[in-house]
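Protein chains: 2
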Amino acid sequence: MKQLDKGIHAVANIQSQALHAGFKSDAAHNDLALIYFPTGATVSGVFTQNLVKAWPVIHGQASLKHHSNFKAILINSGNANACNGPDGEKTMHQTIQELADLCAIKPSEILMSSTGVIGAPLDFFPFKKALPTLVNSLQSESSQAVSESIMTTDTVAKETAYSLEIDGQTIHIGAMAKGSGMIHPNLGTMLAYIVTDIACDQVTLNQLLKNAVDVSFNSMTVDGDTSTNDTVLLCATGENSIDLTDHNLATIQSLITKVSQDLAQMIARDGEGASKFITITVGGAQSTEDAKAVAKSLATSNLLKAALFGQDPNWGRALSAIGNSGVETLDPWLIDIIFKSDIGSIQPCRNGAYHPFDPQFAQKILTATDIEMIVELNQGTSQSTVWTCDLTHDYIEINADYHT
Amino acid sequence: MKQLDKGIHAVANIQSQALHAGFKSDAAHNDLALIYFPTGATVSGVFTQNLVKAWPVIHGQASLKHHSNFKAILINSGNANACNGPDGEKTMHQTIQELADLCAIKPSEILMSSTGVIGAPLDFFPFKKALPTLVNSLQSESSQAVSESIMTTDTVAKETAYSLEIDGQTIHIGAMAKGSGMIHPNLGTMLAYIVTDIACDQVTLNQLLKNAVDVSFNSMTVDGDTSTNDTVLLCATGENSIDLTDHNLATIQSLITKVSQDLAQMIARDGEGASKFITITVGGAQSTEDAKAVAKSLATSNLLKAALFGQDPNWGRALSAIGNSGVETLDPWLIDIIFKSDIGSIQPCRNGAYHPFDPQFAQKILTATDIEMIVELNQGTSQSTVWTCDLTHDYIEINADYHT
């Protein structure tokens, strides 16, 4: 596997562009992006499970049920097009029609994503004004404009790409994402776009995406909230004619899982106000579901995440969060807990009770930016890994200071 | 109903005392308390549902299964007697035996509670040394020493008491609690003790307590964590001979519910780092369970709680939290949201979408310490109320700064 640096443009025959249409107040920040597949792509999608859904999510779910081939993904930031009544739906349809006309494609070949303020009216006018320029300036050289334009409270753009030889052919995969917890001033969103040049039917793509999402985007939490707009799309252009044997599919699955995990880790690392990136691995569980439930209970504990911000190896809070995981068959008296970083590791808890450790060395270990927490349940052979960040003053600052 | 000011000593024939035994480092803070019923009391209890349980919780649950009449409740603060291995259990039993000998009662007539650091060894010696003085100085005048001694990160002692005339007789109820979220430096706890002079069998007491806890302690959250030590005890001394007719029981139920709600509200108000007390009422639900699920999803949303700290009527985050409540039958397009305080009220959301309001006035409303959030689902007739507090810089400070 070879790492590439062109994001979605690691894959051939994809065009993109971004510009400032006016949804963000600062004209220096682009807020409208287009990803274009001149010869089409088979697309699979997973969307937020929040019952409150933005218009583009409602639209995308319906579109992907009835269609498998798409030519354009239009993404605006600065306005989530959520909770704004029937006018938001109307603007979305007008925009899709306008783009279809400009590109001479069908409206049903277009998917849309939005991220930003929820509940705010979304006008068609800025789209109408910006779309001709956007379409006319499509290019295939750089993904930077697009990956930056979708940022909201993100502090860094998030891209990854690889190529891999299979059966003497080279397949390519490129991806980008945005997300940083829920976003100032209202709601934020996790958006991710993965493109590859394999030729693949939608049913198979759905399975590849679902498997990847389970161990990546669904194994990552910043603040436990699911937004109204979360969307992950996997697009296969079919440039490559590699045979999808079971063996090749397994290889492709690991590649798609790898880019998904790359992006999920970038999002957790860029969590709102985060000072630490925390990898929680729970092993020795009776099932993967149990392991994941325990890992998620740890990853969403404010108490534990505030402790790690304070460089405190607070195994007591960890044990309590494990006890609150809802896994009824756990035996607390078998649990071991280890904290680890580049600096070293300590085991403050063995068999569910205090295990002697050097508090000074523990604090030193936790000064690192990347922390690993290893929980061994000693009750089975299943495991799960979840990524999160610490809970800091800056999280409060970002999420409280609406008026400043 | 008449409000009284003597806490548990509003009820006759109860003795109490507290002193410093050495579990807290500061000798100015008492850390060992005894509540004594010279002629016994019928006791009912509810305990943490955390799978990881402190020794006194494991002991209390077993005791209340086999016994209904108790004479003493011993409470230490500064050490939770949790996750410290078999030695913690041994110390507990030694302590209970020592207290039984000193009082000439049976060990099975004693319940114990602990709150404070978890995972720390707990020695018998400080108990042995302090218990004779504690027993010899029991008094019935003031509950202050006891209600203060059980505090950990609490900033105020929490007591309430009432009397009520029923059928020409006066019944009394007094109560105290501690709790302020999870507590520095490790785990904290919610402890509550309610005493009354009615004569009542344990089965009836269990029902009265369960009903009260459902709409009080189980309707309150500071940070979504359940500790290893949470305990609520309801003790009936039987001094009063009032007939427990259905009608009288209903009256007594409302009294027990009232003191439970008083204490739950005091705990939410004293939440770690809290600057605001927030009452969330969800109405128009298809069932009480649905209403409570929605209210709890709101009350545990970091995003919403950080917004309220920032005086931001962030109905978008509220709507998203409602969508994440797990109530699958919700129609988001029917939901109304109102924010209210002494200063006035605004309705920023109607039918699941933005509803015009004055942002300046909204911010002014949210400068109040007591905030009400009213969510009308418009899909049924059931409702539920939950109390919580905002998420502030001080919460991070309290829970991160272990080493200072």
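Chains as they are written, first to last, in our numbering: chain A, 636 to 1039; chain B, 636 to 1039.
The beta carbon of each residue, even a glycine, is placed where N, CA and C say it ideally should be.
Beta-bridge pairing of residue i - partner residues as DSSP gives them
{"i": "Tyr671 (chain B)", "result": "B:Gln650, B:Ala707"}
{"i": "Val678 (chain A)", "result": "A:Cys870"}
{"i": "Ser932 (chain B)", "result": "Answer by DSSP bridge pairing: none, since Ser932 (chain B) is not bridged."}
{"i": "Gly713 (chain A)", "result": "A:Gly751"}
{"i": "Ile745 (chain A)", "result": "A:Ala707"}
{"i": "Ile838 (chain A)", "result": "At residue 838 (chain A) the sequence reads Val, which differs from the Ile that was named. Looking at the DSSP assignment, Val838 (chain A) forms no beta bridge with any residue, so it has no partner."}
{"i": "Ser660 (chain B)", "result": "DSSP, once it has assigned bridges, lists no residue as partnering Ser660 (chain B)."}
{"i": "Gln1014 (chain B)", "result": "Bridge partners of Gln1014 (chain B): none, in fact."}
{"i": "Lys637 (chain A)", "result": "A:Ser798"}
{"i": "Trp1022 (chain A)", "result": "A:Met855, A:Thr914"}
{"i": "Gln696 (chain A)", "result": "DSSP, once it has assigned bridges, lists no residue as partnering Gln696 (chain A)."}
Cβ neighbours of residue i in the same chain (closer than 7 angstroms, five flanking residues each side left out)
{"i": "Ile785 (chain A)", "result": "Ala668, Ile710, Ser712, Thr750, Lys813, Leu826"}
{"i": "Asp758 (chain B)", "result": "Thr726"}
{"i": "Phe996 (chain B)", "result": "Gly979, Ile981"}
{"i": "Leu1026 (chain B)", "result": "Asn937, Lys940, Ala941, Phe944"}
{"i": "Ser876 (chain A)", "result": "Ala834"}
{"i": "Asp969 (chain A)", "result": "Before going further, note that residue 969 (chain A) is Leu rather than Asp in the sequence given. Cβ within range, chain order: Asn986, Gly987, Leu1012, Asn1013, Gln1014."}
{"i": "Gln837 (chain B)", "result": "Thr677, Ser679, Ser703"}
{"i": "Leu654 (chain A)", "result": "Asn665, Leu667, Ala765, Thr768, Leu769"}
{"i": "Lys763 (chain A)", "result": "Glu733"}
{"i": "Pro948 (chain A)", "result": "Phe974, Ile981, Pro983, Ala997, Leu1001"}
{"i": "Gln946 (chain A)", "result": "Gln998, Leu1001, Thr1002"}
6 angstroms CB neighbourhood of residue i in its chain, flanking five on each side removed
{"i": "Ser895 (chain A)", "result": "Ala847, Ser851"}
{"i": "Tyr1030 (chain A)", "result": "Glu907, Gly908"}
{"i": "Gly873 (chain B)", "result": "Ala834"}
{"i": "Lys927 (chain A)", "result": "Ser1019"}
{"i": "Thr790 (chain B)", "result": "Asp905"}
{"i": "Cys718 (chain A)", "result": "Ile753, Gly754"}
{"i": "Thr866 (chain B)", "result": "Phe682, Ser748, Leu826"}
{"i": "Asn1034 (chain B)", "result": "none"}
{"i": "Ile818 (chain A)", "result": "Annotation note: pLDDT 37 at Ile818 (chain A) (below 50); position unreliable, coordinate value reported separately. Answer for Ile818 (chain A): Thr787, Thr788, listed in chain order."}
{"i": "Gln650 (chain B)", "result": "Tyr671, Leu773, Ser775"}
Limits of the alpha helix (DSSP H) - the one that residue i falls within
{"i": "Ser784 (chain A)", "result": "779-784"}
{"i": "Leu769 (chain A)", "result": "760-771"}
{"i": "Asp1005 (chain A)", "result": "Asp1005 (chain A) -> not in any alpha helix (DSSP H); beta strand (DSSP E) instead, spanning 1005-1011."}
{"i": "Gln729 (chain A)", "result": "721-738"}
{"i": "Asp666 (chain B)", "result": "Run containing Asp666 (chain B): none; DSSP gives neither H nor E here."}
{"i": "His1028 (chain A)", "result": "1028-1035"}
First through last residue of the beta strand (DSSP E) which encompasses residue i
{"i": "Val687 (chain B)", "result": "Premise fails: Val687 (chain B) is in no beta strand (DSSP E) and is neither H nor E."}
{"i": "Leu938 (chain A)", "result": "That residue, Leu938 (chain A), is in no beta strand (DSSP E); its alpha helix (DSSP H) goes 937-944."}
Proximal residues to residue i (C-beta, below 8 angstroms), its chain only, five neighbours per side dropped
{"i": "Thr839 (chain B)", "result": "Leu879, Leu884"}
{"i": "Leu737 (chain B)", "result": "Leu766, Pro767, Val770"}
{"i": "Ser932 (chain B)", "result": "Ala956, Ile957, Asn959, Ser960, Gly961"}
{"i": "Ser798 (chain A)", "result": "Met636, Lys637, Leu639, Ala645, Thr805, Ile806, His807, Ile808"}
{"i": "Thr923 (chain A)", "result": "Ser1017, Gln1018, Ser1019"}
{"i": "Ser743 (chain A)", "result": "Ser698, His701, His702"}
Exercise for review: Say whether the region 1005-1025 of chain A touches the region 914-923 of chain A, bearing in mind that this needs 3 or more beta-carbon pairs closer than 8 angstroms, one atom from each stretch.
Suggested key: The region 1005-1025 of chain A vs the region 914-923 of chain A: in contact.
Exercise for review: Within the region 843-922 of chain B, note down every full alpha helix (DSSP H) run reaching 4 residues or more, in order along the chain.
Suggested key: 881-904
Exercise for review: Pair every Cβ in the region 694-708 of chain B with every Cβ in the region 771-781 of chain B, then say whether three or more of these pairs are closer than 8 angstroms.
Suggested key: no
**Study point:** Start-end ranges of the alpha helix (DSSP H) lying completely within the region 955-1002 of chain B, minimum 4 residues
**Key:** 994-1000
Review point. What beta strand (DSSP E) runs, 3 residues minimum, are completely inside the region 787-834 of chain B?
Key: 793-801, 804-813, 826-831
Review point. Pairing CB atoms from the region 671-690 of chain B with CB atoms from the region 792-809 of chain B, are three or more of them under 8 angstroms?
Key: Three or more beta-carbon pairs separated by less than 8 angstroms are not found between the region 671-690 of chain B and the region 792-809 of chain B, which leaves the two stretches without contact.
**Study point:** contact_flag[the region 993-1013 of chain B, the region 947-964 of chain B] where n(CB pairs < 8 angstroms) is 3 or more
**Key:** yes
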